[in-house]
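Participant: Just so you know, the UniProt record's numbering puts 160 at position 160 of the sequence shown, and the rest follows in order with no gaps.
All C-beta atoms in this analysis are idealised placements derived from N, C-alpha and C, irrespective of residue type, glycine included.
These numbers were taken from a predicted model, which means no experiment stands behind them.
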Amino acid sequence: MSSSGPALSQGFGYGIVLGVGFAFALFMIALTHVLKHFNNQVQTSEMFNTAGRTMKSGIVAAAVVSSWTWAATLLQSSGVCYRYGVSGPFWYASGATVQILLFATLAITLKKRAPNAHTFLEAIKARYGAPAHLTFMTFGLITNVLVSLMLIAGGSATVNALTGVHAVAAIFLMPIPVVAYTFIGGLKAAFITDYIHGFALFVIIITFALTAYGTSDLLGSPSKVYDLLVEGAKAHPVDGNKDGSYLTMRSQGGATFFVINIVGNFGTVFLDNGYYNKAIAAHPVHALPGYIMGGLAWFAIPWLTATTLGLSALALESNPRFPTYPHRMSQDEVSAGLALPYAAVALLGKGGAVATLIMVFLAVTSAFNSELVATSSIFTYDIYRTYVNPKATGKRLVRMSHVCMVAYSSVICCISIGLWYNGISMGYLYLLMGVLISAAVIPATLTLLWDGQNRWAAAVSPIVGTACAIAAWLATASRTCGALDVACTGSNDAMLAGNVTALLSPVVLVPALTLAFGQDKYDWRSMMEIRKADDHDVVEDSGLDAEAQRQVEISTSRESFEKEQHKLNKAFKIACIITTLMALIFLVLWPMPLYGSGYIFSKTFFTGWVVVGIIWIFCSFIAVGLYPAWESRQTLTKVIKLIVTGKKLKPVFVGEQPTPEDPSGTATPIKSESVSKAVTVGS
1 MSSSGPALSQ GFGYGIVLGV GFAFALFMIA LTHVLKHFNN QVQTSEMFNT
51 AGRTMKSGIV AAAVVSSWTW AATLLQSSGV CYRYGVSGPF WYASGATVQI
101 LLFATLAITL KKRAPNAHTF LEAIKARYGA PAHLTFMTFG LITNVLVSLM
151 LIAGGSATVN ALTGVHAVAA IFLMPIPVVA YTFIGGLKAA FITDYIHGFA
201 LFVIIITFAL TAYGTSDLLG SPSKVYDLLV EGAKAHPVDG NKDGSYLTMR
251 SQGGATFFVI NIVGNFGTVF LDNGYYNKAI AAHPVHALPG YIMGGLAWFA
301 IPWLTATTLG LSALALESNP RFPTYPHRMS QDEVSAGLAL PYAAVALLGK
351 GGAVATLIMV FLAVTSAFNS ELVATSSIFT YDIYRTYVNP KATGKRLVRM
401 SHVCMVAYSS VICCISIGLW YNGISMGYLY LLMGVLISAA VIPATLTLLW
451 DGQNRWAAAV SPIVGTACAI AAWLATASRT CGALDVACTG SNDAMLAGNV
501 TALLSPVVLV PALTLAFGQD KYDWRSMMEI RKADDHDVVE DSGLDAEAQR
551 QVEISTSRES FEKEQHKLNK AFKIACIITT LMALIFLVLW PMPLYGSGYI
601 FSKTFFTGWV VVGIIWIFCS FIAVGLYPAW ESRQTLTKVI KLIVTGKKLK
651 PVFVGEQPTP EDPSGTATPI KSESVSKAVT VGS
């Protein structure tokens, strides 16, 4: 890290990775047990993989924010800020927010078209059959692998830089507690830990912002930061920025990154089954507000984090307290995302190192558990139940989910070690992901939004588009610097060519294949016929046969189906208007006037820029830190009362009519605690 060595000891590093990790694991295991016994939750395969399809908007927003907050969100955004100045945080944040906002439209459409789906890939299979299903399954798994590798690569690099813990040890240790609590709690555990992790993350980010711009003896105000950035630009002007300034949105390198960022993140949202999982888990009424609130809340995280710590790194690198002093950071350090931890150490010493370690660790583990559930859902439902054992029981499906989680984590660790020894960093993977996956974005979107795309267009265009993207990427790298090494293939020009080709090639390929093989006239029925998992074993234990339980489910769904469809139709229209308007604001109306004019921020404008970011982060904290707890206050109150009063749940058969004193509905196919009322122990 520096000539003085890491800011923290190896023992502290192991303590954070293992201690905090397993503390969360034990907490989640205990919480899952409490929810089972005091809130009528039984871990069937449906609950494990869909969280009962009843999540409210606040917790959905919190889960979206936490899952979309990767190590790269904190580290890469700060690195981009270090390279390009004040424009970098905005290019990162806006270029990755619009996907979440636009995805709200797809989330609503999936809830409408395939209400019983467990994964987006099930809808692909229902519409196009096996060939397209296998194509999109491959792209989905590649997406999950790339995201997981970025998480582990960024997290291990930070742990190594701050504590001296060997990167290989960090790579193997970080996933263990995540697997432990996700293994027990499934998607519900992922939602709850997402909320807790996000809460802690906001507190740490707010602390850094108030320190840098309010209380630090080195900085302490936007005015002081501004003056140091002006001095820094004189000593190290930024090539491609207006007048070499760090305080302008006119940045050629930043704009190039902006395009790469937009393309790559379309792939990681629209093809990552984790985001579809959250749409599936959301109650139909709460999917739209959950995703919009989550997208707007998330914007403040990379924007303010990088505006705080990325600019602090630039402002303090000439200060003896900066870890690399008297030298500037190397390109390898910037690519590894170390601008953030170095700035944190300069600002707060060991306290900053501890806060950074916890913040990055929480970001890695929270996002990784989402990837675990997403991947296990694909293997369980799209591979095992579809092609291996179509009659698998609920218990068997849960067991397969467990096996997949352990196997997937092991594979990710092994690949991460290979990447680390070959010098491939989180920053390189971040720029590369769009080249490898974004050719499937448009065909995937049209699957839910257009009835005319035929199976050939869906199955072939992603493959051909990816081949074209890889060719464009490597050809540009070879032409611009004459080599195909990591440095050359990771250059902005090469990555830009590959990313843009990947996203836009289906614009040509889909119409061509549609014309060649005929336009489809899909009626959406096969998606509606996707069935839920049948937990025959637990149904038999409850005293009801499978057909009786099936009739109960059909009766219940028929009563509410038309009402839900009406709500979803209305939500879809609202989503189209709101998300399109917000995308225009973030991509055009806000940044482009500043970029086009070449305006260099005045001290007053910069101060306002920072103040808006701080206000936004507090609003985000209220939306996804406090609101979910308020939204779930009745459940929390009920569970606490049951624990304090020593009551337990009385079992009631599924399908049994509730008494006037017990107006709760029935849903879970099990006898013991699926639908219950509290009675005094021993009564």
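Helix, strand or coil for A300, going by three-state DSSP, please let me know.
Facilitator: One-based indexing of the sequence shown puts residue 300 at position 300. Note: A300 maps to helix in three-state DSSP.
Participant: Comparing alpha-carbon positions, which option in L316, D332 and W609 lies nearest Y325?
Facilitator: By one-based count along the sequence shown, residue 325 stands at place 325. Closest option to Y325, Cα to Cα, is L316.
Participant: Excluding five sequence neighbours on each side, which residues of the same chain lie with their C-beta closer than 8 Å to the C-beta of L509?
Facilitator: Mapped onto the sequence shown, residue 509 falls at position 509. Excluding residues within five positions, the ones whose Cβ falls inside 8 Å are A457, V460, S461, V464 and G465.
Participant: Run through DSSP, which three-state label would T248 get?
Facilitator: For this step, residue 248 is matched to residue 248 along the sequence shown. Strand at T248.
Participant: Since G85 and S221 should fall inside the 8 Å C-beta cutoff, what is the C-beta to C-beta distance between them, to a whole number of angstroms?
Facilitator: Working through the sequence shown from its first residue, we reach residue 85 at position 85. Working through the sequence shown from its first residue, we reach residue 221 at position 221. With 8 Å as the limit, G85 and S221 do not qualify as a contact, their Cβ atoms being about 19 Å apart.
Participant: Could you pull out every residue in the same chain whose Cβ sits closer than 8 Å to the Cβ of G19, ignoring the five residues on either side in sequence?
Facilitator: As a working note, residue 19 is residue 19 in the sequence shown. Excluding residues within five positions, none has a Cβ falling inside 8 Å.
Participant: So the alpha helix (DSSP H) G452 belongs to, where does it begin and stop?
Facilitator: Sequence index remark: in the sequence shown, residue 452 carries index 452 (1-based). Annotation: G452 is outside any alpha helix (DSSP H) and is labelled neither H nor E by DSSP.
Participant: Between F199 and the rest of its own chain, which residues show a CB-CB distance below 7 Å, the 5 nearest in sequence each way excluded?
Facilitator: In the sequence shown, residue 199 corresponds to position 199, counting from 1. Around F199: G625.
Participant: Assign Q76 to buried or exposed, taking buried as 16 or more other Cβ atoms, counted over all protein chains shown, within 10 Å of its Cβ.
Facilitator: Taking the first residue of the sequence shown as position 1, residue 76 is located at position 76. When all chains shown are included, Q76 counts as buried.
Participant: Within the same chain, show all residues whose beta-carbon is closer than 6 Å to that of A7, passing over the 5 residues directly before and after it, in chain order.
Facilitator: Position 7 of the sequence shown, counted from the first residue, corresponds to residue 7. So the list reads L162, V345, K350 and A353, once near-sequence residues are dropped.
Participant: In the DSSP assignment, find the alpha helix (DSSP H) that holds Y384 and state where it starts and stops.
Facilitator: Translated into the one-based positions of the sequence shown, residue 384 becomes position 384. Taken as a continuous stretch (DSSP letters only), Y384 belongs to no alpha helix (DSSP H), as it is neither H nor E.
Participant: For the alpha helix (DSSP H) containing D493, name the first residue and the last one.
Facilitator: Position 493 of the sequence shown, counting from 1, holds the residue named residue 493. Per DSSP, D493 belongs to the alpha helix (DSSP H) from N492 to F517.
Participant: Would you decide whether A170 is buried or exposed? Buried here means 16 or more other CB atoms lie within 10 Å of its CB.
Facilitator: The residue given as residue 170 occupies position 170 in the sequence shown. With 16 or more Cβ atoms within 10 Å of its Cβ, A170 is classed as buried.
Participant: Looking at C-alpha atoms only, which residue of S438, R531, F139 and T193 is the closest neighbour of V263?
Facilitator: In the sequence shown, residue 263 corresponds to position 263, counting from 1. If we check each option's Cα against that of V263, S438 comes out closest.
Participant: When burial is assigned at 16 or more other CB atoms within 10 Å of the CB, is E371 buried or exposed?
Facilitator: Translated into the one-based positions of the sequence shown, residue 371 becomes position 371. Answer is buried; the Cβ neighbour count reaches 16.
Participant: With 16 as the cutoff for other CB atoms within 10 Å, does N241 come out buried or exposed?
Facilitator: Translated into positions along the sequence shown, residue 241 becomes position 241. So N241 ends up on the buried side.
Participant: Between which residues of its own chain and S478 is the CB-CB distance below 7 Å, once the five residues before and five after are set aside?
Facilitator: In the sequence shown, the residue the question calls residue 478 occupies position 478. Contacts found: L484.
Participant: Measure how close the beta-carbons of L121 and F136 come, nearest whole angstrom, since I'm counting them as under 8 Å.
Facilitator: As a first step, residue 121 must be located in the sequence shown, where it is residue number 121. As a first step, residue 136 must be located in the sequence shown, where it is residue number 136. Between L121 and F136, the beta carbon gap of about 6 Å places them in contact (Cβ cut-off 8 Å).
Participant: How many angstroms separate the CA atom of S223 from the CA atom of V65?
Facilitator: Residue numbering aside, residue 223 sits at position 223 when the sequence shown is read from its first letter. Residue numbering aside, residue 65 sits at position 65 when the sequence shown is read from its first letter. Spanning the two alpha carbons is a distance of roughly 31 Å.
Participant: For a minimum of 4 consecutive residues, which ranges assigned as the alpha helix (DSSP H) are wholly contained in the region 341 to 392?
Facilitator: 350 to 377
Participant: DSSP on N277, reduced to helix/strand/coil?
Facilitator: Here the question's residue 277 lines up with position 277 in the sequence shown. N277 sits in a helix when the DSSP states are folded into three classes.
Participant: Could you please give the first and the last residue of the uninterrupted alpha helix (DSSP H) stretch that includes V588?
Facilitator: Working through the sequence shown from its first residue, we reach residue 588 at position 588. Here V588 belongs to no alpha helix (DSSP H), and DSSP marks it neither H nor E.
Participant: Using 8 Å as the cut-off, can you tell me whether the region 599 to 611 makes contact with the region 259 to 279, which would need three or more C-beta pairs spanning the two stretches below that distance?
Facilitator: no
Participant: What span of residues does the alpha helix (DSSP H) with N144 cover, start to end?
Facilitator: By 1-based counting over the sequence shown, the position of residue 144 is 144. Taken as a continuous stretch (DSSP letters only), the alpha helix (DSSP H) holding N144 covers A130 to T163.
Participant: Thinking C-beta only, is P341 closer than 8 Å to A93?
Facilitator: For the purposes of this step, residue 93 is taken as residue 93 along the sequence shown, with counting starting at 1. For the purposes of this step, residue 341 is taken as residue 341 along the sequence shown, with counting starting at 1. With contacts defined by Cβ atoms closer than 8 Å, A93 and P341 do not form a contacting pair.
Participant: If you draw a straight line from the C-alpha of residue 756 to the C-alpha of I640, how long is it?
Facilitator: Beyond the ends of the chain as shown, which are 1 and 683, falls residue 756; an answer cannot be given.
Participant: Let me make sure I understand the geometry here. Which of Q331, N422 and I470 has the alpha-carbon closest to that of L436?
Facilitator: The sequence position of residue 436 within the sequence shown is 436, counting from 1. If we check each option's Cα against that of L436, I470 comes out closest.
Participant: Measuring only the C-alpha atoms, how far is P177 from M28?
Facilitator: Within the sequence shown, residue 177 is the residue found at index 177, counting from 1. Within the sequence shown, residue 28 is the residue found at index 28, counting from 1. If you take the alpha carbons of P177 and M28, they lie about 10 Å apart.
Participant: Less than 8 Å between the beta carbons of T73 and H197, yes or no?
Facilitator: Taking the first residue of the sequence shown as position 1, residue 73 is located at position 73. Taking the first residue of the sequence shown as position 1, residue 197 is located at position 197. No, the Cβ-Cβ distance between T73 and H197 is not below 8 Å.
Participant: Roughly how many whole angstroms lie between the Cα atoms of T447 and I124?
Facilitator: For the purposes of this step, residue 447 is identified with residue 447 of the sequence shown, where counting begins at 1. For the purposes of this step, residue 124 is identified with residue 124 of the sequence shown, where counting begins at 1. About 7 Å.
Participant: Since I believe G155 is in contact with V334 (beta carbons under 8 Å), could you give me their beta-carbon distance rounded to a whole number of angstroms?
Facilitator: Stepping through the sequence shown from its first residue, residue 334 is reached at position 334. Stepping through the sequence shown from its first residue, residue 155 is reached at position 155. Not quite, the Cβ-Cβ distance comes to about 17 Å (not below 8 Å), so this is no contact.
Participant: Sort out for me which residues DSSP pairs A61 with in a bridge.
Facilitator: Counting from 1 along the sequence shown, the entry for residue 61 is found at position 61. Paired residue(s): none; A61 is not in a bridge.
Participant: Going straight from the alpha carbon of L101 to that of F139, what length do you get?
Facilitator: As a working note, residue 101 is residue 101 in the sequence shown. As a working note, residue 139 is residue 139 in the sequence shown. In this structure, the CA atom of L101 is about 22 Å from the CA atom of F139.
Participant: Considering only C-alpha positions, which residue in the set Y387, Y275, G11 and Y408 is nearest to P131?
Facilitator: Numbered from its first residue, the sequence shown carries residue 131 at position 131. Cα-wise, what sits closest to P131 is Y387.
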